[in-house]
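Read the structure below first, then the notes.
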Amino acid sequence: MPSFLNKSSIVFDKSTYRSGETVNGHVSFETETPISANFLTIKWQGIGSTHWSKKKSDFVPLNFYSGDETVWCCEDGQWKLPAGKHSYPFSFELPKDCSPSFKGKYGKVEHYVQVTLNRTMRFDIRVKKTFEVRGSVKSGEQKKKPETDKKYTNPLNTMFRMGSLFMTDGVVKLKLTLPNQYNIGEKFLIKLEVDNLSQRPLTSLTFHVNRWTHYHARPQTKPCEKGFYCPLEEGTAQTMELKEVEKTVLDVNVPPKTKMVLEREIILPNWYITFSDRLMSVSYCARMTAPLHSSDLLKFSEEKEEKKIVEKSDGSEVETKKKKKEEVESSPPPPYTP
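In my numbering, the protein residues as written are 13 to 350.
What follows is the structure, encoded as structure tokens:
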């Protein structure tokens, strides 16, 4: 790639955008000598694509928007881009329903600007630079009361609403309540109802965030938000991905045989965005786990082994049990009485 035209030549007016906003920027570069060229175009596009097998013909991308503009064209018949500094502005509007930037194991959503310098009898010069798009935020949607029973429609769901953690010393019951929605990047409170039925104090809990993604090989007529019930063939027309993207250890102090209600503040990265389009769906769910200490397993094993040693070393006790069993088996039945 020529040094005069590279990714740094494409400059955006800000680092991230939201759906429905206008993207402004410019393409700037400098040439020391005239360059053989016909015209210079700037193209912009938002596109979603999936792929998980060797057959590329099975996969069709989803185009959200596209456009281009010819910003320079040779008019004097010399077919030369003059030497000197060049700067060409560009501006375009993002659709309100376009999906945000995303990259998963089997698919991605990409927004980019590409500059092409068309040249006669030579390879064209192309430079591509992506930019970040986040989902649109509607006013009044983010300040709802905490809920735990809406399973697929919210940016952060509570799949682990009520459950038990089984340990060697007993059971710990947990109930996790999350806000229905939250503003990306802001702090929010989670509510924990802990019932420690075990014999040891509970000193820590781990808050996990899992990302669940559902992919289609081809765009469908409408978004498939509930991927668990997708009618398409698994592995051929659709597939799924579950990935842990966040893990936070929370310090707690819940004594044995005690119930407590705790509140903790959580901060999630600003790239956690739930969206659903005709090609893929992305959502997030939360769960809680408690540590299982190795000392519990060691103690359990030692007690079990000690019991075996006592049983093997105490031969009289074993003989007594055997004698009682033999006496019962060899004794005659009681006399018959009418």
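All C-beta atoms, glycine included, are put in the ideal place defined by N, C-alpha and C. These numbers come from a predicted model, not from an experiment.
Opposite residue 51 in the DSSP bridges: which residues? 85, 130
Look at the alpha carbon of residue 220 and the alpha carbon of residue 32, and state the distance between them as a whole number of angstroms. 32 angstroms
Can you give me the start and stop residues for the beta strand (DSSP E) that residue 298 sits inside? 292-301
Determine whether the beta carbon atoms of residue 286 and residue 252 lie at a separation below 9 angstroms. no
Residue 32, DSSP secondary structure in three states: coil
Closest residue to residue 109 among 62, 127, 80, 74 (Cα-Cα distance): 74
Between 263, 59, 23, which lies nearest to residue 289 when the distance is taken from Cα to Cα? 59
Do you know whose CA, among 278, 258, 102, lies nearest residue 125's CA? 102
Could you check what DSSP says for residue 147 in three-state terms: helix, strand or coil? coil
Taking just the CA atoms, how far does residue 239 sit from residue 246? 11 angstroms
What separation, rounded to the nearest whole angstrom, lies between the Cα atoms of residue 265 and residue 213? 7 angstroms
Among 261, 111, 84, whose alpha-carbon lies nearest the alpha-carbon of residue 127? 84
Which same chain residues, not among the five before or five after residue 242, have their C-beta less than 6 angstroms away from its C-beta? 236, 250
Could you give the C-beta distance for residue 88 and residue 229, rounded to a whole number, given that I count them as a contact under 8 angstroms? Residue 88 to residue 229, Cβ: 50 angstroms. No contact.
When you measure from the CB of residue 201 to every non-hydrogen atom of the ligand FAD, does any distance come out below 8 angstroms? No copy of the ligand FAD occurs in the structure displayed, which carries no ligand at all.
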